[in-house]
Amino acid sequence: MSSKKRNLIERLNSGPVICAEGFLFEIEKRGYMSSGEFVPMVSLEHPEALENLHRDFQHAGSDVVQAFTYNGHREKMKVIGKEELLEPLNRAALKIAKKIADNPIGKEPNLMAGNISNSNIWNDKDPKTHKEVEKMFSEMVGWAVDEGADMLIGETFYYAEEAYTALKVMKQTNLPSVITIAPMGENIMRDGFSIVDTCKELEQRGGDVVGMNCFRGPNTMMPYLKEIRKVLKCHVAALPVTYRTTEKHPTFFNLPDNNGCECHTPHKTPFPTALDPMQCNRYEIGKFAKESFDLGIKYLGVCCGANPMLIREVAEAVGLKVPASKYHEDMSTHMLFGTDKRIPKHQKDYQDKA
Ligand SMILES: [Zn+2]
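Each number in my numbering corresponds to the 1-based position in the sequence shown with 19 added.
Here you go:
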């Protein structure tokens with residue numbers, strides 16, 4: 020019997036693959052990153068904190084350990100005046116991801132994924148930026164290959180042509196490539212391509228897994244996923260943010276707090292520091308994952324707002340049992356709402372007054 024690691028496509032052909040994203044928000048919540056700046060210095064400054072988060076996601080059922088290099092690109096490092104740390108940061112993040120992926124809880128190793136994403140400088144009207152972005156992608160993908168990535172993820176693209184460029188660079192490595200787009204509130208890519216056409220083109224250009232991630236919650240991502248799944252033959256990815264976005268506010272950027280907020284954010288919007296009241300509960304996330312899976316979407320996860328509990332919910336919603344399933348909710352022994360015969364009657368009777 021071969022002990023060869025099954026690659027991403029082999030795994031998708033035989034069942035769901037879970038991928039935890041949303042490192043930015045979760046590491047910020049854990050106190051190791053500045054919101055707004057959002058640069059993953061954590062791999063250099065607090066590697067143990069990043070390792071812990073990867074382990075927590077692994078325990079919750081993530082099959083993919085995605086190197087935390089989101090925003091760790093040359094442009095953002097220039098913005099914060101730390102360009103000299105670009106390569107050390109990338110290599111540190113990749114090494115940490117590799118270490119976790121190679122030390123699974125079960126028998127099968129996880130897949131380590133290199134990661135590139137939206138550059139923030141891509142401008143459809145300025146071809147000079149295209150060359151610059153391609154160079155940024157190439158150096159990051161090169162480091163990922165060097166550090167032993169099993170697959171590559173290009174994510175959160177809101178310009179179609181920037182996504183095509185990312186895919187082109189990833190394809191040069193022959194590693195399985197996941198490419199996901201994140202259209203903003205106008206429901207169209209910023210260079211004018213429709214969401215579905217962009218996904219069709221990404222499939223044509225050789226994307227192994229094509230789909231959507233970030234910016235949109237389940238409600239405003241699902242309608243597009245249905246269309247995408249219908250027209251694509253390749254595997255499809257679905258990784259929404261975990262916030263209750265609406266038709267009027269399709270992304271989390273301008274989502275208002277209509278939940279009785281009495282202490283408003285000092286910024287213009289609840290994004291990114293005061294989104295908590297709009298967080299989806301675990302059942303909403305589970306319902307989204309199940310619905311996606313029933314449509315035939317097999318690469319599943321959540322992006323910003325992700326936490327281990329929600330990753331477990333995604334995994335369990337598509338029929339998987341993961342290490343954290345040991346701690347799946349069990350209300351039967353709760354002190355008020357439990358059904359166990361040892362729960363005293365005077366406690367059960369008090370439920371409605373609690
Ligand atoms: Zn996200």
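Glycine included, each C-beta is placed from N, C-alpha and C at the ideal position.
Residue 74 holds the alpha-carbon nearest to the alpha-carbon of residue 124 among 74, 85, 100, 134. Per the Cβ contact rule, the region 156 to 172 is not in contact with the region 202 to 222 (fewer than 3 Cβ pairs under 8 Å). Residue 261 places its beta carbon less than 8 Å from that of residue 304. In this structure, the alpha-carbon of residue 320 lies about 24 Å from that of residue 156. Of the candidates 268, 331, 255, 255 places its Cα closest to the Cα of residue 314.
Excluding the 5 residues flanking it on each side, residue 117 has same chain C-beta neighbours closer than 7 Å at 131, 166, 167, in chain order.
Three or more Cβ pairs drawn from the region 325 to 337 and the region 40 to 48 lie within less than 8 Å of each other, which places the two stretches in contact. Residue range 196 to 200 is occupied by the beta strand (DSSP E) that includes residue 199, with no alpha helix (DSSP H) assigned at that position. Inter-residue distance for residue 56 and residue 86 is about 19 Å (C-alpha atoms, whole angstroms).
The closest heavy atom of ligand 1 lies less than 7 Å from the beta carbon of residue 41. Excluding five sequence positions before and after residue 153, the CB atoms of its chain that fall closer than 6 Å to its own CB belong to 184, given in chain order. Sequence-distant partners of residue 94 (beyond 5 residues in either direction) whose C-beta falls short of 7 Å from its own C-beta, in its chain, are 138, 139, 140, 155.
Ligand 1 never approaches residue 197 closely enough for any of its heavy atoms to be under 7 Å from the residue's Cβ. In this structure the region 338 to 356 does not lie against the region 274 to 294, because fewer than three pairs of beta carbons, one per stretch, are closer than 8 Å.
Straight through space, the alpha carbons of residue 331 and residue 81 are spaced by roughly 8 Å.
Judged by the Cβ position, residue 58 fails to qualify as a neighbour of ligand 1 at the 7 Å threshold, every heavy atom of the ligand being at least this far. Per the C-alpha coordinates, the member of 301, 31, 136 positioned closest to residue 171 is 136. The alpha-carbon separation between residue 33 and residue 318 amounts to approximately 12 Å. For residue 61, same chain residues with a beta-carbon under 8 Å away, outside a window of 5 residues either side, are 46, 51, 52, 68, 69, 87 in chain order. Per DSSP, the unbroken alpha helix (DSSP H) holding residue 28 starts and ends at 27 to 33. Scanning its chain for C-beta atoms nearer than 6 Å, with the 5 sequence neighbours on each side dropped, one finds around residue 31 the residues 254, 317, in chain order.
Secondary structure at residue 292: coil, using DSSP grouped into helix, strand and coil. For residue 170, the enclosing beta strand (DSSP E) begins and ends at 170 to 176. For a cut-off of 8 Å, the C-beta gap from residue 329 to residue 301 is around 6 Å, short enough to register as a contact.
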